[in-house]
Structure formats: C-alpha cells, structure tokens
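Before any comments, here is the structure.
There are 2 protein chains.
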Amino acid sequence: MSDAAEVLISHCRQAGQRITAPRRIIADVVAKADDHPDVPEIYRRVAAIDPSISLSTVYRTVKVFAATGLVERHSFAGGRVQIEPTSQAHHDHLIDIESGAVVEFRSDEIERLQALVARELGFELTAHRLVLYGRPLARKARRARKP
Amino acid sequence: MSDAAEVLISHCRQAGQRITAPRRIIADVVAKADDHPDVPEIYRRVAAIDPSISLSTVYRTVKVFAATGLVERHSFAGGRVQIEPTSQAHHDHLIDIESGAVVEFRSDEIERLQALVARELGFELTAHRLVLYGRPLARKARRARKP
DNA sequence: ATGCATTTGCGAACCATTCTCATTAATAAG
DNA sequence: CTTATTAATGAGAATGGTTCGCAAATGCAT
Ligand SMILES: [Mn+2]
Ligand SMILES: [Mn+2]
Ligand SMILES: [Zn+2]
Ligand SMILES: [Zn+2]
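Respectively, the protein sequence lines represent chains Y and V.
Just so we're aligned, residue 1 is where the first sequence starts under this note's numbering, counting upward by one.
Just so we're aligned, residue 1001 is where the second sequence starts under this note's numbering, counting upward by one.
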C-alpha cells in the first residue's frame, strides 16, 4: 500500500466514509497512476488485482475521492472523465486532438496574466482551468501521406 | 437563408460535397446559433423546421461543416461535443465564486501565449478552454448579494 | 433524362456514466 | 464479542450522446 494511497483513505475516514477493501485497492491504483486514466481504465487496473470489484464501485469511489479534494476529475475529451491525484504541483494540460494524449505544461507567464486579468475585472483569482487542444505539428520525421 | 449559412454551403460545394435540403437547413441553424449548442440541441432546432431530418444526418453534417473549418467542434465538458461557428468573436469566462455571475473577457496576450506554449510543445493550437474563478475585490461600490 | 456515387433515415450498436435494489459488510453501541 | 444500524457493494438495467450498417432516396455530371 503506497504512501499516497494511505493519505487517500485517511482523508476518506475523516470525511466519515467507511474504509472498505474495494476502496483500499482503488486508492492504491489511483495513487500510483502517473497518467490520466479514465474510470474504465482504473477499473481494468483494479480488476487485475481483485476481479470481484464492480465498475459501479469504481465510479462511486472515484467520486468519493474527488470529494476529499485529493483527486481531480478532468473532462478533457471524448466524453470521458479522467482522473488525476492532486498531489503534484500545479500544471495545465494540452490535449492532442488526434491521439487524445495528455501533455502537461506550466506557463508562469500565463499564470501571471490570468491573475492580472482577473484583477482588472475586479476579482481576486482563486482558481482556474486551462485546457489547450492541439494538433501535432508535422515538423521533421514526416511520414508519407495520401497523394 | 442567412448569409453565414450561404458561406457554409458554398464551402461544402467547393469541398466536393453535395448540397442537400437537410444540409441547407442545418447550415442555417448552425450559422444563426449565438450560443454553443451540442448536436442534440441542433437537432431539436432543425427538427422544428423539418422533422423528417434525422439525428444521424445532423451528426454527419456537423462533421462535414467542421471539415470546412467554418465550424468548430469543441469537446469541452460533460461528454458532449459543442458546436460553434468560427465567425463569432472569441471570449473566455470568469466566474464570480460568491455570486456565480459569469463575466466574459478576452485577453489577446493570453491568447497569444497559449498558441506559443502549444507550439513549443510541438502542437498547433486548435482550441482551448479557459475559465477563471475569482472573488470580487473589496474595493468601493459593492453590490447587494443574495440574501 | 440516365447512371452512379453520395446522402439519408432508421434502428441497432457502442460506450461512458448513473441508477435501482437486494445483499453484504463496516462501524458503533452494548 | 454480539448485535443493530446503515453505508457500501455488485449485478444489471437504464440513460444519453455518438457511431454504424444498410437499403432506399437523391444530387449531379454526362
Ligand atoms: Mn496532469
Ligand atoms: Mn462563449
Ligand atoms: Zn494553470
Ligand atoms: Zn480564449
């Protein structure tokens, strides 16, 4: 059981949630995910450990984790909700519209401007969501295309 | 038949597409949309004009329009594809976290940086989603809030 | 007008997500 | 360690957006 997983379940407990075997396993899978898996993908990983855990439970548990604030539910593309532990440093995302791949980035300049824009509008910036959608540039290594 | 709709169909024709009655009607509905309707919503508006047009055709036609570049298909949130004519002026949103009010804004500087960041990551920016969340600054003239 | 490839309408299929409900299991109380 | 309470689970059905397959209809070049 990873360290981050323990944090997840302890936060659940503090939120008055019951700690169950499925939740421990799901916490483990979510905590060790370094990508941005959707729920069906998390379910696959969970089922590889305990096939008796249902998809419904994965959906419900992810929601519970999100409520603790330790997991974010992104709606990047394609109608799926992708999950990410909140533990890492702030960053935004660029979605490859051809492959669906998620690229993480951080632009201090954009971060700064967001706060500036908010202030000009009379607000103190408290949060933001920035998602870029892009098509891969056909730089070098070009592949043959349809004539 | 609106002017923007004519542009849509003429671009379709130039792309080697056949101009059909359903496509004319769908072009009209899409062109005059000032919101960001999803396909089922476009279908509702189309069906109000000609109920014989099928949902499948609306999906297919929207895809054709998107291929001309005059319509954008954003897969923003909630698993739906939202449509927007490329003609109208772009803007982003700031949400007042105290009142829920939506403030529209546009920052050319941020727009520019987004494209720049995308390019540095090896992508051509095709769309983006930026939402700021802020708390009103306690300056002067404060407005009454919800009781 | 004729021929043929493109489009269409319809229903089935798909996929992510939610819901229902009977059963199971975690927790608190005794 | 029981037992009672009640939340959590699993299975499957339901939902909603989107795509597919195919026969029939239609646009368009000739
Ligand atoms: Mn990330
Ligand atoms: Mn808008
Ligand atoms: Zn950011
Ligand atoms: Zn913008």
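Yeah, the Cβ is synthetic: ideal placement off N, Cα and C, and Gly gets one too.
Everything numeric in this text was worked out from a predicted model, so none of it was measured.
Length-filtered (4 minimum) alpha helix (DSSP H) runs lying within the stretch 83-145 of chain Y: Those alpha helix (DSSP H) runs which fall completely within the stretch 83-145 of chain Y and span 4+ residues are 108-120.
Segment limits, alpha helix (DSSP H) that includes residue 1011 of chain V: Where residue 1011 of chain V is concerned, the enclosing alpha helix (DSSP H) stretches over 1003-1014.
Buried/exposed call for residue 1003 of chain V, threshold 16 Cβ in 10 Å: Exposed, by the Cβ-count rule.
Three-pair Cβ contact test at 8 angstroms for the stretch 1102-1117 of chain V versus the stretch 1021-1039 of chain V: Contact annotation: the stretch 1102-1117 of chain V does not touch the stretch 1021-1039 of chain V, with fewer than three C-beta pairs closer than 8 angstroms.
Contact with chain V by residue 114 of chain Y, beta-carbon distance below 9 angstroms: Cβ-Cβ to chain V under 9 angstroms: yes for residue 114 of chain Y.
Residues near residue 118 of chain Y in its chain [Cβ-Cβ closer than 6 angstroms; skip 5 each side]: Closer than 6 angstroms at Cβ, skipping near neighbours: 125.
Where residue 1018 of chain V sits in the DSSP three-state scheme: In this structure, residue 1018 of chain V counts as coil in the three-state DSSP scheme.
Residue 1133 of chain V: contacting residues in chain Y (beta-carbon distance under 7 angstroms): Residues of chain Y passing the Cβ test: 126, 127, 128.
The beta strand (DSSP E) enclosing residue 1071 of chain V, as first and last residue numbers: From DSSP, the beta strand (DSSP E) with residue 1071 of chain V extends over 1071-1074.
Cβ neighbour criterion (16 or more within 10 Å) applied to residue 1151 of chain V: Because chain V here runs from 1001 to 1147, residue 1151 of chain V falls outside it and cannot be looked at.
Bounding residues of the alpha helix (DSSP H) (the contiguous stretch that carries residue 1042 of chain V): 1039-1049 is the span of the alpha helix (DSSP H), which, as asked, contains residue 1042 of chain V.
Neighbour flag for residue 1117 of chain V against chain Y, beta carbons, 9 angstroms: Yes, because at least one Cβ of chain Y sits closer than 9 angstroms to the Cβ of residue 1117 of chain V.
Close-in-space but distant-in-sequence residues of the same chain around residue 1172 of chain V (CB under 7 angstroms, 5 per side omitted): Missing from the structure shown is residue 1172 of chain V; chain V here goes from 1001 to 1147 and no further.
From Y/68, Y/44, Y/51, Y/61, residue whose alpha carbon lies closest to that of residue 14 of chain Y: Per the Cα distances, Y/68.
Cβ of residue 136 of chain Y within 9 angstroms of any chain V Cβ: At least one chain V Cβ lies under 9 angstroms of residue 136 of chain Y.
Ligand 1 heavy atom lying under 8 angstroms from the CB of residue 114 of chain Y: It does not: the Cβ of residue 114 of chain Y is nowhere closer than 8 angstroms to a heavy atom of ligand 1.
Close beta carbons around residue 46 of chain Y, own chain, < 7 angstroms, minus the five adjacent residues each side: So the qualifying residues of the chain are 25, 26, 29, 53, 58.
Exposed unless 16 or more other CB atoms sit within 10 angstroms - verdict on residue 1147 of chain V: Legend: pLDDT at residue 1147 of chain V = 46, less than 50; position of this residue unreliable, no value from coordinates given.
Residue 56 of chain Y - DSSP class collapsed to helix/strand/coil: Note: residue 56 of chain Y maps to helix in three-state DSSP.
Residue 1112 of chain V beta carbon less than 9 angstroms from that of residue 133 of chain Y: No; because the gap between Cβ atoms is not below 9 angstroms, this pair is not in contact.
Any non-hydrogen atom of ligand 6 closer than 8 angstroms to residue 1130 of chain V Cβ: Ligands displayed in this structure: ligand 1, ligand 2, ligand 3 and ligand 4; ligand 6 is not among them.
Alpha carbon of residue 51 of chain Y to alpha carbon of residue 1037 of chain V, nearest angstrom: Here the alpha carbon of residue 51 of chain Y sits roughly 40 angstroms from the alpha carbon of residue 1037 of chain V.
Proximal residues, the stretch 40-70 of chain Y versus chain V, C-beta separation under 8 angstroms: For the stretch 40-70 of chain Y, which is checked against every Cβ of chain V, not one residue is closer than 8 angstroms.
Proximal residues to residue 163 of chain Y (C-beta, below 8 angstroms), its chain only, five neighbours per side dropped: The displayed coordinates of chain Y run from 1 to 147. Any statement about residue 163 of chain Y would go beyond what the structure contains.
C-alpha distance - residue 33 of chain Y paired with residue 1114 of chain V, whole-angstrom precision: So the alpha carbons of these two residues sit roughly 27 angstroms apart.
Euclidean distance between Cα positions of residue 44 of chain Y and residue 138 of chain Y: Taking the straight line from one Cα to the other gives about 34 angstroms.
Per-residue contacts from residue 1121 of chain V into chain Y (C-beta, under 7 angstroms): Those are 94, 103, 105, listed as they occur along chain Y.
Residue 104 of chain Y: CB within 8 angstroms of a non-hydrogen atom of ligand 1: Yes, since a heavy atom of ligand 1 falls inside the 8 angstroms radius drawn around the Cβ of residue 104 of chain Y.
Interface flag, residue 16 of chain Y vs chain V, CB-CB below 9 angstroms: Not one chain V Cβ lies under 9 angstroms of residue 16 of chain Y.
Cα-Cα separation, residue 1062 of chain V to residue 120 of chain Y: In this structure, the alpha-carbon of residue 1062 of chain V lies about 38 angstroms from that of residue 120 of chain Y.
Near-chain Y residues of the stretch 1010-1036 of chain V - C-beta to any C-beta below 7 angstroms: Answer set for the stretch 1010-1036 of chain V: empty.
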